[in-house]
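The sequence shown stops at residue 417 when you use our numbering, and every number in between is there. One structure is given here, and the rest of the page talks about it.
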Amino acid sequence: MNIIDIMTTPVKIPFKKPAKWSGGTRRSAPSLVIQIVTDEGLIGLGECVGPTIPTIRAIVEKEFKPFLIGADPMRTEWILHRLEEYILNWSQIGLYALAGIDMALLDLKAKILKTPLYNLLGGLYRKEVEFADYVFIEDPLVNAKEAERSVANGFKQLKIKVGRDVEYDVNRIKEIRAAVGDDVKLRVDANQNWSVTTAIKAINKMEKYNLQLVEQPTPYYDIEGLATVSRSVSVPITADESLTDFRSAMKLIEHRAVSAFTVYPSEAGGLLKARQIVELANENGIWCVTGTWAETGIATMANAHLIAASRNFPFANDTHYEYYEEDILQQNLVFNQGKMIMSDRPGLGIELDPAKLGALTDMEIREMVFYDSQNDAAIPRIGQLL
Ligand SMILES: [Mg+2]
32 MNIIDIMTTP VKIPFKKPAK WSGGTRRSAP SLVIQIVTDE GLIGLGECVG
82 PTIPTIRAIV EKEFKPFLIG ADPMRTEWIL HRLEEYILNW SQIGLYALAG
132 IDMALLDLKA KILKTPLYNL LGGLYRKEVE FADYVFIEDP LVNAKEAERS
182 VANGFKQLKI KVGRDVEYDV NRIKEIRAAV GDDVKLRVDA NQNWSVTTAI
232 KAINKMEKYN LQLVEQPTPY YDIEGLATVS RSVSVPITAD ESLTDFRSAM
282 KLIEHRAVSA FTVYPSEAGG LLKARQIVEL ANENGIWCVT GTWAETGIAT
332 MANAHLIAAS RNFPFANDTH YEYYEEDILQ QNLVFNQGKM IMSDRPGLGI
382 ELDPAKLGAL TDMEIREMVF YDSQNDAAIP RIGQLL
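This is the structure we're talking about:
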């Protein structure tokens, strides 16, 4: 069997409502759907997300595709090794493109072998994959109502975006905790906006509301600063923006900077690379949780396969899925009590809906999520909240 075509389709899924975080406000989920087509008619489904979909698409179309045409799709390691060498000097953006290829190759291989994708990643460790719902930045009582609704929908863990104003955030967490009670787990994500001293002060003020995790309190490049925060507070810290690929994971471990990793297969270069990070973390006593760029159902399901096949995911994982107006699958993903039940269908176990894909295709995909068009004064400056 040989690869005869790589199809790329940019899509933009509108959000039900704007999602405000410390670095901007986003209104949609842009991504790139990858289809690897074989001469025997089987198609592998993948997805790239990331900071610049047009650039990622050009990488897949202009750089990867000529190499992939004619290749045997079963030779995953051989293909990925060569593409990794190819992106050596521009790997930060290259890995986003590689991730969609890795995903589509694994979906294809699992379909060829007539087995679920999780069987290529370690087999079924857990049948149910738990997800957390998001609470973006709104007034405290609005957030409290949203959190109540999430819990009524079955979610038992919530991720609260913070990082624009400490007192405001403390108030939001207080109201959310009062609304959902003591049994729901709450974590916060500052997306790097605090300075080291502000992070310590803020976390100490929030601690009494019983936080599960604090995600990326300080700038991504300051690993020593992250370690200082970790050693100064009683809430476990997880690295998101500081954790991208395998080498960044090694650096965080070397500095004992965090207790957990927020892993993104889309940033790490795919599911196989993410799996290596998860195992490295496990051997070093570090928990993992998946993060999200706001993937469609394709990469959301791919992440679920990774989690389903690993021992090292003790927390509910990220998804923006509840914010989407629509998805591109024949059947939308179902979160039953916040949990996805893994099926035994081959590959990712999902089917694209061509009509929905067509309706959501957007060739002018650029969207600046790192900017708040509602508020000119809110200039994202990481690590600047004093
Ligand atoms: Mg984050």
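From the three backbone atoms N, C-alpha and C, an ideal C-beta is built for every residue, glycine too.
Asked                                                                                                                                                   : Found
Look up LEU422 in the DSSP assignment and say whether it is helix, strand or coil.                                                                      : Since the displayed the chain opens at 32 and closes at 417, residue 422 lies outside it and no answer follows.
One question on the structure: do ASP358 and ALA163 come within less than 8 Å of each other, judged by their Cβ atoms?                                  : no
Beta carbon of GLU298: closer than 7 Å to some heavy atom of ligand 1?                                                                                  : no
For GLY185, does the count of other Cβ atoms within 10 angstroms reach 16, so buried, or fall short, so exposed?                                        : exposed
Taking only the alpha-carbon atoms, compute the straight-line gap between ILE329 and ILE413 and give it to the nearest angstrom.                        : 31 Å
What residues in its chain sit with their C-beta under 6 Å from that of ASP36, if we drop five residues either side in the sequence?                    : VAL68
Following a CB-centred definition, is GLU246 positioned closer than 7 Å to any heavy atom of ligand 1?                                                  : yes
Pop quiz: THR39 and LEU63 are said to be a contact at Cβ under 8 Å. What is the actual Cβ separation, rounded to whole angstroms?                       : 6 Å
Would you give the residue range spanned by the beta strand (DSSP E) that GLU246 belongs to?                                                            : 242-246
In terms of DSSP beta bridges, what is ASN348 paired with?                                                                                              : PHE162
Out of LYS192, THR86, GLU116, GLY55, which has the shortest C-alpha to C-alpha gap to PHE98?                                                            : GLU116
Please state whether the Cβ-Cβ distance between ILE110 and LEU151 is less than 8 Å.                                                                     : no
So, using beta-carbon positions, are ALA141 and ASN33 closer together than 8 Å?                                                                         : no
Would you mind listing the alpha helix (DSSP H) stretches within the segment 95-170 that are 4+ residues and don't spill past its ends, in chain order? : 96-99, 107-117, 122-143
Quick check: the segment 377-389 against the segment 175-191, are at least 3 beta-carbon pairs closer than 8 Å?                                         : no
Nearer than 7 Å: is that true of the beta carbon of ASN334 relative to any heavy atom of ligand 1?                                                      : no
Can you name the residues that DSSP bridges to VAL320?                                                                                                  : THR293
ASN334 and THR321 look like a contact to me (Cβ under 8 Å); what is the Cβ gap, rounded to whole Å?                                                     : 5 Å
On the DSSP letters alone, give me the boundaries of the alpha helix (DSSP H) that ALA280 sits inside.                                                  : 277-285
In this structure, how does DSSP classify TYR252 when only helix, strand and coil are distinguished?                                                    : coil
Going straight from the alpha carbon of ALA473 to that of VAL211, what length do you get?                                                               : Any answer about residue 473 is impossible in this case: the structure gives the chain only from 32 up to 417.
Taking three-plus beta-carbon pairs below 8 Å as touching, is the segment 255-265 in contact with the segment 223-234?                                  : yes
Does ligand 1 have a heavy atom nearer than 7 Å to the CB of GLU164?                                                                                    : Looking at the sequence itself, residue 164 is Asp, so the reference to Glu does not match. For ligand 1, not one heavy atom lies less than 7 Å from the Cβ of ASP164.
On the CB-based measure, 16 or more other CB atoms within 10 Å of its CB, does VAL160 come out buried or exposed?                                       : buried
Using DSSP bridges, identify the partner residues of ASP36.                                                                                             : VAL68
Where does VAL215 fall in DSSP's three states?                                                                                                          : coil
In or out: ASP271 buried (at least 16 other Cβ within 10 Å) or exposed?                                                                                 : buried
Nearest-angstrom Cα distance between LEU217 and ASN241?                                                                                                 : 7 Å
Quick one: grab the DSSP three-state call for ARG195.                                                                                                   : coil
Tell me ASP220's beta-bridge partners as DSSP assigns them.                                                                                             : LYS192, GLU246
Is DSSP giving GLY328 helix, strand or coil here?                                                                                                       : helix
Can you tell me the Cα-Cα spacing of ASN363 and MET134, whole angstroms?                                                                                : 19 Å
Using the Cβ count rule (16 or more neighbours within 10 Å means buried), how would you classify LYS158?                                                : exposed
So, under 8 Å CB-CB, SER290 and LEU283 are touching, yes? Tell me the CB distance rounded to an integer number of Å.                                    : Actually they do not touch by this definition, with Cβ atoms about 10 Å apart.
Restricting to Cα atoms, I'd like to know which of SER341, ILE143, GLY125 is closest to GLU71.                                                          : ILE143
Nearest to PRO41 by CA position, among ILE338, MET281, GLY81, GLN361, is which residue?                                                                 : GLY81
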